[in-house]
Amino acid sequence: MPKAAVDTKGLSNEQILNAYKNMITSRMVEDKCSIILRQSKGGTFQISGPGHEAALTAASMVMRPGHDWSLCHYRDLTFVLGLGVTTEEIFTGFMAREGDPASNSRQMPAHFGHKEHR
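One gets our numbering by counting positions in the sequence shown from 1 and adding 905 to each.
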């Protein structure tokens, strides 16, 4: 059977692969946070946004660093990962550890902010 042509709307294979990786990573991080919370091993609350990964990844891909602003909320994990926040930084905030880039763990987790990604 011949392969169907796929219209990638001008995206390179690398951009598509990075977008897919971002969507999978965010789902895995949200799932792990849910497990940690249910086991009472860390975190104070966790609200995920399954099903929004593609839209949030696309939004992060068109942001212009140093120019565009975003006001993220607790369901925007995929978006902030797409902007460059690392999984280590996400878990640092979730586990209320020193070094959380948003607030140094002085506020509830998933209130995203990062000086380097303004």
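Glycine is no exception: its CB is placed at the ideal position from the N, C-alpha and C atoms. Note that the structure is predicted; figures quoted are calculated from it, not measured.
- Under the three-state reduction of DSSP, C938 is assigned to helix.
- Here the alpha carbons of I940 and W974 stand approximately 32 Å from one another.
- For the 8 Å CB-CB criterion, L982 and E935 form a contact.
- Here the alpha carbon of G954 sits roughly 14 Å from the alpha carbon of F1017.
- I952 carries a coil assignment under DSSP once its states are collapsed to helix, strand and coil.
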